[in-house]
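**Student:** In our numbering, the protein residues as written are 1162 to 1247.
The C-beta atom is built at its ideal place from N, Cα and C for all residues, glycine as well.
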């Protein structure tokens, strides 16, 4: 298994576009974990619910359209990251 991490300092720097291009060029099963950090969110939310993942205009739907077989959305604050990834 190969793990590729893409991060950036802010929105609109090309992270999702880069991930989409990677997905399209990989010739294997691809899964994506989209992490959404919110300073005020004290809960850890992890979902693969298709009604949420396939929401038009969201990065998760973009990744599915690019060919990712599995997409998971993790919403949390910085303190919840490690637990969320587990």
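Residue 1193 and residue 1229 look like a contact to me (Cβ under 8 angstroms); what is the Cβ gap, rounded to whole Å?
**Tutor:** Within the chain shown, the letter at position 32 stands for residue 1193. Within the chain shown, the letter at position 68 stands for residue 1229. Indeed they touch by this definition, with Cβ atoms about 5 angstroms apart.
**Student:** In chain order, what residues of the same chain have a beta carbon less than 6 angstroms from the beta carbon of residue 1197, not counting five sequence neighbours either side?
**Tutor:** Sequence index remark: in the chain shown, residue 1197 carries index 36 (1-based). Closer than 6 angstroms at Cβ, skipping near neighbours: 1236.
**Student:** Buried or exposed: residue 1227, going by 16 or more other Cβ atoms within 10 Å of its Cβ?
**Tutor:** Working through the chain shown from its first residue, we reach residue 1227 at position 66. Residue 1227 should be labelled buried.
**Student:** Inspect the beta-carbon positions of residue 1184 and residue 1191 and report whether they are closer than 7 angstroms.
**Tutor:** To locate residue 1184, count along the chain shown from 1; it is residue 23. To locate residue 1191, count along the chain shown from 1; it is residue 30. Yes, these two residues count as a Cβ contact at 7 angstroms.
**Student:** Exposed or buried, which one is residue 1200 when buried takes at least 16 other CB atoms within 10 Å?
**Tutor:** As a working note, residue 1200 is residue 39 in the chain shown. Exposed, because fewer than 16 other Cβ atoms sit within 10 Å of the Cβ of residue 1200.
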